[in-house]
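Take the numbering used here: the last position of the sequence shown gets the number 438, and nothing is skipped along the way.
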Amino acid sequence: MAILKIKTAGNPFLKKKGVEVSKITKDIISLTEDMIDTMKAAGGLGLAAVQVGILLRIIIIDFGYLEYDKAVEKGETPKEPEFKPVVLINPVIKSDEGKTSIMEGCLSVPGYRAEVERASKITYMYTDINGKTVNAEEEGLGAIAIQHEIDHLNGILFIDRISNLKRNIAIKKTKKHLESIKEDGDKVESALYG
Ligand code: CO
Numbered sequence: 245m246a247i248l249k250i251k252t253a254g255n256p257f258l259k260k261k262g263v264e265v266s267k268i269t270k271d272i273i274s275l276t277e278d279m280i281d282t283m284k285a286a287g288g289l290g291l292a293a294v295q296v297g298i299l300l301r302i303i304i305i306d307f308g309y310l311e312y313d314k315a316v317e318k319g320e321t322p323k324e325p326e327f328k329p330v331v332l333i334n335p336v337i338k339s340d341e342g343k344t345s346i347m348e349g350c351l352s353v354p355g356y357r358a359e360v361e362r363a364s365k366i367t368y369m370y371t372d373i374n375g376k377t378v379n380a381e382e383e384g385l386g387a388i389a390i391q392h393e394i395d396h397l398n399g400i401l402f403i404d405r406i407s408n409l410k411r412n413i414a415i416k417k418t419k420k421h422l423e424s425i426k427e428d429g430d431k432v433e434s435a436l437y438g
């Protein structure tokens, strides 16, 4: 178990694509455990292997937070979100519908948020950590999170989906933010997404 370094905007590595995982080896399992630790430490909702410098199609999503968000949306008053990380290997979106947008954040773009248009509902497929194929659907925040993470596997950051001007501001803000953290000796501010 280890906390991995998350690459940040401006690093050309984040433009690379992940390749499909052909076999779930011990090394892959160990990588996903490290990714879970890393996401938890950073306070993220999701994390893609490309963000930690591994070019494989693996993402982690905290479904505990999604359940919490669904309950809040329904007007319930849930307790604190439980941490329920799920490993999605070779995730693929099968269909999408509708449009939605929220202010997104990203662990690779700390200190910046922007509104991004996404499909509001998706059906998707992935291989779980035991090698089983899973078909599922998600709407709202869950659909947004999965689209955001799959984008990472294709070398796309959420700031690539906004205007060039805003994108440049985001990269500058990220650099400044990281410099200020170094000066303060603070931990990276938690971002809701991954
Ligand atoms: Co992200």
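A virtual CB, placed ideally from N, CA and C, is assigned to each residue, including glycine.
- For residue 273 and residue 255, the gap between their C-alpha atoms comes out near 26 Å.
- Comparing alpha-carbon positions, the option among 315, 278 and 381 lying closest to residue 338 turns out to be 381.
- Around the CB of residue 290, 16 or more other CB atoms lie within 10 Å, so the residue is classed as buried.
- Annotated as distal: residue 336 and residue 300, with beta-carbon spacing of 8 Å or more.
- No Cβ-Cβ contact shorter than 8 Å links residue 292 with residue 247.
- Contact check for residue 387 against residue 363 passes: the beta carbons are separated by less than 8 Å.
- Relative to the Cα of residue 416, the nearest Cα in the group 366, 406 and 354 belongs to 354.
- Between the ligand CO and residue 352, a heavy atom-to-CB distance of less than 7 Å is present.
- At the C-beta level, residue 396 and residue 348 stay beyond 8 Å of one another.
- DSSP places residue 309 in the uninterrupted alpha helix (DSSP H) bounded by 307 to 317.
- Secondary structure at residue 301: coil, using DSSP grouped into helix, strand and coil.
- Exclusion of the five residues before and after residue 328 leaves 306, 307 and 308 as the residues of its chain whose Cβ lies within less than 7 Å of its Cβ.
- When rounded, the separation of the alpha-carbon atoms in residue 372 and residue 304 is 11 Å.
- According to DSSP, residue pairing for residue 341 in a beta bridge involves 365.
- Membership of residue 282 in the alpha helix (DSSP H) is indicated by the continuous run 270 to 286.
- Taken through DSSP and simplified to helix, strand or coil, residue 292 comes out as strand.
- Residue 245 counts as exposed, since fewer than 16 other beta carbons sit within 10 angstroms of its beta carbon.
- Residue 393: member of the alpha helix (DSSP H) spanning 385 to 397, first to last residue.
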